[in-house]
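What follows is a single structure, written as structure tokens, with notes after it.
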Amino acid sequence: MRFKSQKVAWAFFATCMLLLSLQIIYGFIMGFAHAGYDNLHSVIPFNVARATHTNLLVMWLLAGFMGAAYWIIPDECDCELAWPRLAWVQLIALVVTGVTAIIGFHFNWWEGRKFLEIPRPLDFLVVIDVLLFIANIGWTIWKSPRKSTTSMVLFFGLLAAALLYLPGMIPTSNQTIDSYWRWWVVHLWVEGVWELIMGAILAYLLIKLTGVDREIIEKWLYVIVGFTFLSGILGTGHHYYYIGTPRYWLLIGGLFSALEPLAFLVMAIYAFAMAKKGGRNHPNRIALLWTVGCAFMSFVGAGFLGFAHTLPSVNMYTHGTLVTAMHGHMAFWGAYAMLIFAIISYAMPLMTGRKLYEHVSAAFAFWTANIGMVAMTLAFAVAGVAQVMLERRAGMDFLTVQKEIEVHFWGLILAACLFTVGIISFIWNFIRYGTPIALANPANNGEARAPAAEPAATVGGTE
Ligand code: HEM
Ligand code: HEM
Ligand SMILES: [Fe+2]
Numbered sequence: 139m140r141f142k143s144q145k146v147a148w149a150f151f152a153t154c155m156l157l158l159s160l161q162i163i164y165g166f167i168m169g170f171a172h173a174g175y176d177n178l179h180s181v182i183p184f185n186v187a188r189a190t191h192t193n194l195l196v197m198w199l200l201a202g203f204m205g206a207a208y209w210i211i212p213d214e215c216d217c218e219l220a221w222p223r224l225a226w227v228q229l230i231a232l233v234v235t236g237v238t239a240i241i242g243f244h245f246n247w248w249e250g251r252k253f254l255e256i257p258r259p260l261d262f263l264v265v266i267d268v269l270l271f272i273a274n275i276g277w278t279i280w281k282s283p284r285k286s287t288t289s290m291v292l293f294f295g296l297l298a299a300a301l302l303y304l305p306g307m308i309p310t311s312n313q314t315i316d317s318y319w320r321w322w323v324v325h326l327w328v329e330g331v332w333e334l335i336m337g338a339i340l341a342y343l344l345i346k347l348t349g350v351d352r353e354i355i356e357k358w359l360y361v362i363v364g365f366t367f368l369s370g371i372l373g374t375g376h377h378y379y380y381i382g383t384p385r386y387w388l389l390i391g392g393l394f395s396a397l398e399p400l401a402f403l404v405m406a407i408y409a410f411a412m413a414k415k416g417g418r419n420h421p422n423r424i425a426l427l428w429t430v431g432c433a434f435m436s437f438v439g440a441g442f443l444g445f446a447h448t449l450p451s452v453n454m455y456t457h458g459t460l461v462t463a464m465h466g467h468m469a470f471w472g473a474y475a476m477l478i479f480a481i482i483s484y485a486m487p488l489m490t491g492r493k494l495y496e497h498v499s500a501a502f503a504f505w506t507a508n509i510g511m512v513a514m515t516l517a518f519a520v521a522g523v524a525q526v527m528l529e530r531r532a533g534m535d536f537l538t539v540q541k542e543i544e545v546h547f548w549g550l551i552l553a554a555c556l557f558t559v560g561i562i563s564f565i566w567n568f569i570r571y572g573t574p575i576a577l578a579n580p581a582n583n584g585e586a587r588a589p590a591a592e593p594a595a596t597v598g599g600t601e
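Residues in the sequence shown are numbered from 139 upward in steps of one, following the numbering used here.
Here it is, written out as structure tokens:
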């Protein structure tokens, strides 16, 4: 760790681990409900479990992005964070707001809009909190003489994500218009500006872990940003096919969203190419595994499985079914959850001076969680395709079909158990790393030189 203020990232990462654990519990509640055992219905009905599960996901991913930025920005800018104390305040405020929202859901205090269920007064708190975060990293970059492409893309990705939260708050009583704006947040986040955040964090990790020249890696970052904007912005149209918006969206949405996998494909090729070029010599092999794994799995989950239902002729049947859940799990896992696991795996040894990446449990966590998630995706796929055939093709009643497909959720539960074992193993390692020991060493700029010259973490937390 080069700067003392970077240690605040640890608190954000610890929050991620906590919220992810809670998210998984709610996943199991829904899994059992789908399998016919909705025993908690009177306390936690399905809609509450679902809103809690997805909002916890968004919350821990945001906490992860913030932690990543608080780690990366001082390192890239060669200076301490502008206001380290504000970062702590801002973390506490985020957790308090999030927990209030989650408790509120259990008392029917919610907005009922998928992914944006947080009640309106709390939305304002989220906006203020995120703006404080943006101000903190923005001011750090501003006062530093070193403005790298990686930190600028990360900053603008985060700023755009904060601003894009606002369209979701436009008041309207029209269902179509409400849906129209909701997608500005949900789609333009995951298939737009979050991809910039992802590209920047991947670039940072690849620079550090492969030893390939920064110039080469950052050139690819421009290509990724280009592909993302070219396809992702108008790709929003793939959510406007059948919600009451004009028909021209069928063409625009179909065409541009079909191009979206390209950005993920470029990221996957780029990560593999850089890892190969760098000779994979960095001692922290697990961080590189999560980094390259993230680029690959995001292509499978977002690119490939997204494409699978993005054409209007297919989406007409699959819209809002478990096929969507199949894609949602693998895409969020591959692109964003694995990204945060990658930065945590990279930063922890440097923060704490321990080299747990050599421990077999680190590799075990990677493979078990990933195999578990692939199996979960398959279970959702089988249930989803069966649902589409029975409900949309054969015209059976929604609830009759839900009963028919209950059996597939036992498969989901089994797969989810495997996945959970992997996650427990990751969290166990996180706990064993302990808390950061702040021995900052600004003299060492820590950048790897080809091939993989960045030294291993030594006890004492220096790089
Ligand atoms: C990391 C990137 C991505 C993530 C995290 C993601 C996640 C999701 C989630 C959670 C939903 C459900 C949203 C809702 O109903 O409110 C969804 C819907 C959808 N996604 Fe993605 N996605 C990603 C990328 C893509 C890409 C690249 C494509 C196309 C090539 C795509 C195609 C779709 C389509 C067509 C739907 C609508 C499904 C429906 O009509 O029910 N997604 N995505
Ligand atoms: C033990 C693990 C998990 C289980 C059993 C589980 C189960 C479920 C179930 C049953 C649903 C509701 C599907 C429906 O609407 O009928 C759901 C929704 C969702 N879960 Fe999970 N989940 C788990 C972990 C995760 C993880 C780790 C992620 C993200 C990385 C995730 C992301 C999502 C998303 C995005 C949705 C909404 C999908 C949509 O919009 O259709 N889940 N989950
Ligand atoms: Fe989308």
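Beta carbons: idealized from backbone N, C-alpha and C, even for Gly.
All figures in this text were calculated on a predicted structure; none of them were measured in a lab.
Original post:
By how many angstroms is the C-alpha of T153 removed from the C-alpha of L199?
Top reply: 10 angstroms
Original post:
Nearest to G165 by CA position, among M511, F445 and L427, is which residue?
Top reply: M511
Original post:
For the putative contact between W209 and N274, defined by C-beta atoms under 8 angstroms, what is the C-beta separation to the nearest angstrom?
Top reply: Their Cβ separation, rounded to whole angstroms, is 13 angstroms, which puts W209 and N274 out of contact at 8 angstroms.
Original post:
For I509, which of P257, C555 and L160 has the nearest alpha-carbon?
Top reply: C555
Subject >> Local Cβ density within 10 Å of V234, reported as buried at 16 or more and exposed below that >> reply: exposed
Subject >> Sequence-distant residues of the same chain with beta carbon closer than 8 angstroms to W505, five excluded per side >> reply: G560
Original post:
CA-CA distance, V498 and L269?
Top reply: 40 angstroms
**OP:** State the DSSP-derived secondary structure class of N246, mapped to helix, strand or coil.
**Re:** coil
Original post:
So what does DSSP say about P450, is it helix, strand or coil?
Top reply: helix
Original post:
According to the Cβ coordinates, are T374 and H325 closer than 8 angstroms?
Top reply: yes
Original post:
Which residues mark the beginning and the end of the alpha helix (DSSP H) in which T538 is found?
Top reply: F536 to E542
Subject >> Contacts around W248, its chain only, beta-carbon distance under 7 angstroms, and the 5 residues preceding and following it disregarded >> reply: A189, G242, E255 and P257
Subject >> Straight-line Cα distance separating D351 from I162 >> reply: 39 angstroms
**OP:** Could you tell me how far apart the beta carbons of A480 and T429 are, in whole angstroms, since I believe they sit closer than 8 angstroms?
**Re:** 4 angstroms
Original post:
What do you reckon, is the C-beta of P542 under 7 angstroms from a heavy atom of ligand 1?
Top reply: Position check: residue 542 holds Glu in this sequence, whereas Pro was assumed. No - ligand 1 has no heavy atom lying nearer than 7 angstroms to the Cβ of E542.
**OP:** Please state whether DSSP places V233 in a helix, a strand or coil.
**Re:** helix
**OP:** Would you tell me roughly how many angstroms separate the C-alpha atoms of A207 and L292, rounded to the nearest one?
**Re:** 8 angstroms
Original post:
Comparing the CB of L157 with every heavy atom of ligand 2, is any distance shorter than 7 angstroms?
Top reply: no
Original post:
Candidates L297, A239, T278 and W280: which alpha carbon is nearest L260's?
Top reply: A239
**OP:** Determine the direct distance from the alpha carbon of K493 to that of L372, and round the result to whole angstroms.
**Re:** 45 angstroms
Original post:
Exposed or buried, A473, counting other C-beta atoms within 10 Å across all chains shown (16 or more means buried)?
Top reply: buried
Original post:
What runs of the alpha helix (DSSP H), each 4 residues or longer, lie entirely inside the stretch 257-319?
Top reply: 258-281 and 287-301
Subject >> Cut-off 6 angstroms between Cβ atoms - residues of its own chain near S563, not counting five sequence neighbours on either side >> reply: S499, F502 and A503
Subject >> Straight-line gap, P574 to A440 (C-alpha atoms, nearest Å) >> reply: 34 angstroms
Original post:
If you draw a straight line from the C-alpha of G337 to the C-alpha of M405, how long is it?
Top reply: 7 angstroms
Original post:
How many Å lie between I211 and F547 at the Cα?
Top reply: 43 angstroms
Original post:
With 16 as the cutoff for other CB atoms within 10 Å, does R284 come out buried or exposed?
Top reply: exposed
Original post:
With a Cβ-Cβ cutoff of 8 angstroms, do L296 and I335 count as a contact?
Top reply: yes
**OP:** Give a yes or no on whether the minimum CB-CB distance between I339 and chain B is below 8 angstroms.
**Re:** Absence of chain B from the displayed structure is noted, only one protein chain being present.
**OP:** Thinking H467 and M514 are a contact (beta carbons under 8 angstroms), I'd like their distance in whole angstroms, please.
**Re:** 6 angstroms
**OP:** Determine, using beta carbons only, whether L400 and S369 come nearer to each other than 8 angstroms.
**Re:** yes
Subject >> Buried or exposed by the 16-neighbour rule on C-beta atoms within 10 Å, applied to N177 >> reply: exposed
Subject >> Spatial distance of M197 from G236 (CA atoms) >> reply: 7 angstroms
Original post:
Roughly how far, in whole angstroms, is the beta-carbon of V264 from the beta-carbon of Y318, given that I think they are within contact range, below 8 angstroms?
Top reply: Not quite, the Cβ-Cβ distance comes to about 21 angstroms (not below 8 angstroms), so this is no contact.
Original post:
Can you find a heavy atom of ligand 1 that lies under 7 angstroms from the Cβ of P450?
Top reply: no
Subject >> Contacts around V361, its chain only, beta-carbon distance under 7 angstroms, and the 5 residues preceding and following it disregarded >> reply: V404
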